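Remarks on the structure that follows.
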Amino acid sequence: MRSWRFLLSRRWLLFAVVVVLLCYAAWWLGQWQFHRLHDRKASNAVVRANEDRAPSPVGDVLAPGRPVQDDDEWRQVTATGTYDTDNTVIVRYRTRDGASGIDVVVPLVTDDGATLLVDRGWLASDNEGTSPDDVPAPPDGETTVEGWVRADADGDSTKVSDHSTRAISSEAIGTAIDHEVYGGFVVLDTENGQAADGLEPVELPELDNGPHFFYGLQWWFFGLLALFGFGYLAWDEWRSQRRDEPSAREGAISARKTKQAAKNAHKQAVKAAYQKAYAEERAAREAHREAQRARSMPPSTGSITPDTNDAAGDSTKAATRPNSSGSP
143 MRSWRFLLSR RWLLFAVVVV LLCYAAWWLG QWQFHRLHDR KASNAVVRAN
193 EDRAPSPVGD VLAPGRPVQD DDEWRQVTAT GTYDTDNTVI VRYRTRDGAS
243 GIDVVVPLVT DDGATLLVDR GWLASDNEGT SPDDVPAPPD GETTVEGWVR
293 ADADGDSTKV SDHSTRAISS EAIGTAIDHE VYGGFVVLDT ENGQAADGLE
343 PVELPELDNG PHFFYGLQWW FFGLLALFGF GYLAWDEWRS QRRDEPSARE
393 GAISARKTKQ AAKNAHKQAV KAAYQKAYAE ERAAREAHRE AQRARSMPPS
443 TGSITPDTND AAGDSTKAAT RPNSSGSP
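For the sequence shown, the working numbering begins at 143 and goes up steadily by one.
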């Protein structure tokens with residue numbers, strides 16, 4: 143008879159625990175992707191709002207030692223000062239379209255004395271072999287730059303060694319060059335109204351929503367697929383019990399037939415034994431009667447059979463009778 147009791151077995155309980163964990167992981171990863179989508183939309187909204195704003199003096203947006211505010215990310219600012227080319231910093235491992243390259247960061251010492259880090263652009267180059275002396279030089283003298291505000295990176299990649307780093311941090315670079323720097327940095331748009339000579343502009347952010355929505359749906363689909371797979375396998379196990387029923391009945395019938403055949407064979411053996419014993423007993427009785435009959439008969443002479451002796455006796459009697467005619 144079909145039953146769902148197999149779900150209480152150890153194998154199916156462990157399987158159910160694994161499926162529950164997979165579903166939870168898929169749900170959590172889907173939620174994470176949707177949170178990233180929410181953050182992406184919020185960031186895009188800030189960028190779009192800041193793109194429509196007129197450029198502001200750098201002192202109105204940034205301050206030395208103060209991190210960049212979230213609402214100021216990608217805001218346009220202007221600053222006037224002199225480039226400190228001796229403290230140029232190379233930012234390595236900036237791949238673009240599959241090509242290796244670097245970003246060139248040059249400190250701009252502003253008129254108010256604070257230093258603004260300016261990412262002047264990207265240069266295709268060997269990450270390990272390029273030094274600050276190999277990059278295009280910025281304009282000499284007083285220069286007015288305009289660009290977009292970016293927040294500092296963090297982590298071990300911001301460590302500066304020999305005027306080289308893997309990520310831009312105003313705090314780390316300011317310590318390395320011994321300058322008081324504005325928090326954050328600026329991605330160059332123009333300097334003295336022109337693009338940086340010999341460098342490609344830094345890529346601006348894409349303002350789409352990215353793949354997060356479909357990634358979230360994909361993770362949730364994986365969770366539903368795990369539930370469906372568990373249900374299907376359980377149903378298949380339940381259905382296999384029905385397929386096994388005819389075989390069970392056939393086995394029971396075969397067992398009964400085997401038992402009946404053994405019973406019949408036993409009966410035949412008992413019957414044959416009785417018949418044999420009866421035949422032996424009958425033969426013994428016949429032999430006993432023959433022996434009794436033989437003992438009750440008179441002893442015989444010669445080898446003539448009892449019937450022959452009787453005939454001979456009758457002949458003797460007839461010979462000794464007197465003849466009716468008186469002759470011997």
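Virtual Cβ for every residue (Gly too), placed ideally from N, Cα, C. Predicted model only: the values in this text are computed from it and were never measured.
Please list, in chain order, all residues of the same chain as residue i whose beta carbon is under 8 Å from its beta carbon, the five residues on each side excluded.
i, result
"residue 430", "none"
"residue 196", "218"
"residue 184", "none"
"residue 206", "256, 322, 323, 324, 325"
"residue 284", "222, 223, 224"
Helix, strand or coil: which one does DSSP assign to residue i?
i, result
"residue 154", "helix"
"residue 211", "coil"
"residue 310", "coil"
"residue 195", "coil"
"residue 275", "helix"
"residue 369", "helix"
"residue 432", "helix"
"residue 342", "strand"
"residue 160", "helix"
"residue 348", "coil"
"residue 299", "helix"
"residue 466", "Caution is warranted here: a pLDDT of 41 is assigned to residue 466, below 50, making its placement in the model unreliable, and no coordinate value can be reported."
"residue 145", "coil"
"residue 294", "coil"
With distances taken between CB atoms, is the gap from residue i to residue j smaller than 8 Å?
i, j, result
"residue 294", "residue 322", "no"
"residue 339", "residue 274", "no"
"residue 155", "residue 376", "no"
"residue 243", "residue 267", "yes"
"residue 329", "residue 290", "yes"
"residue 204", "residue 365", "no"
"residue 216", "residue 347", "yes"
"residue 231", "residue 305", "yes"
"residue 344", "residue 261", "yes"
"residue 362", "residue 168", "yes"
"residue 357", "residue 173", "no"
"residue 157", "residue 372", "yes"
Tell me, which residues are paired with residue i by DSSP?
i, result
"residue 289", "219, 330"
"residue 241", "238"
"residue 315", "DSSP lists no partner for residue 315."
"residue 261", "247, 329"
"residue 353", "The partner list for residue 353 (beta bridge, DSSP) is empty, contrary to what the question assumes."
"residue 266", "243"
"residue 284", "224"
"residue 232", "246, 306"
"residue 206", "324"
"residue 336", "333"
"residue 252", "223"
Return the Cβ separation of residue i and residue j in integer angstroms, given the expectation that the two are a contact with Cβ distance under 8 Å.
i, j, result
"residue 325", "residue 210", "6 Å"
"residue 281", "residue 334", "6 Å"
"residue 299", "residue 308", "4 Å"
"residue 288", "residue 224", "About 16 Å separates the two Cβ atoms, so there is no contact after all."
"residue 161", "residue 403", "So it is not a contact: roughly 50 Å between Cβ atoms."
"residue 189", "residue 349", "6 Å"
"residue 352", "residue 238", "Contact flag wrong, Cβ pair sits at about 19 Å."
By Cβ distance below 7 Å, which residues in the same chain neighbour residue i in space, the five residues on each side in sequence not counted?
i, result
"residue 265", "243, 244, 246, 277, 341"
"residue 427", "none"
"residue 379", "148"
"residue 302", "231, 314, 315, 318"
"residue 337", "343"
Quick one: residues in its chain with C-beta nearer than 6 Å to the C-beta of residue i, no 5 flanking neighbours on either side, listed in chain order?
i, result
"residue 311", "294, 295, 300"
"residue 251", "223, 224, 226, 257"
"residue 198", "219"
Any heavy atom of the ligand GTP closer than 7 Å to the CB of residue i?
i, result
"residue 335", "This structure lacks the ligand GTP, and indeed carries no ligand of any kind."
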